[in-house]
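Below is one structure, written out as structure tokens; the observations come after it.
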Amino acid sequence: MSPNPATARGQEVSITGNCGGGTGLKSVLGGLPDHPALVDIHVVDPNPAHYRATARVSDQIGSGVGPVLVDCGGEAGVILLVTRF
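One gets the numbering used here by counting positions in the sequence shown from 1 and adding 18 to each.
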């Protein structure tokens, strides 16, 4: 995830990675449905060898560390998001 660490509220981030045997990036979840850490999430390239998605850090998030989950069609991954305000 970039930019990271210390991503600010409202900042756009890129989420990249490798699906490690999965079929390709299906979705990204940051935070809980009622309290999202990431909003406006878009899968730009689902390529399993090097996926890319973009999102914006929620304006309601505080400072801290939280997980960002990726669904790679048969494989799942976790990325840490560090935020500050």
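Glycine residues also receive a C-beta, built at the ideal position from the N, C-alpha and C atoms.
Between Ser76 and Pro51, the gap from beta carbon to beta carbon reaches 8 Å or more.
Secondary structure at Gly84: strand, using DSSP grouped into helix, strand and coil.
Boundaries cannot be given for Asp77, as no beta strand (DSSP E) includes it and DSSP labels it neither H nor E. The beta-carbon separation of Phe103 and Ala24, rounded to 10 Å, does not stay under the 8 Å limit for a contact. The DSSP assignment places no complete run of the alpha helix (DSSP H) inside the region 27-62 (cut-off: 4 residues). In the DSSP assignment, Gly95 falls within the unbroken beta strand (DSSP E) covering Ala94 to Arg102.
Distances from the alpha-carbon of Gly28 to those of Gly38, Leu56 and Leu98 put Leu56 closest.
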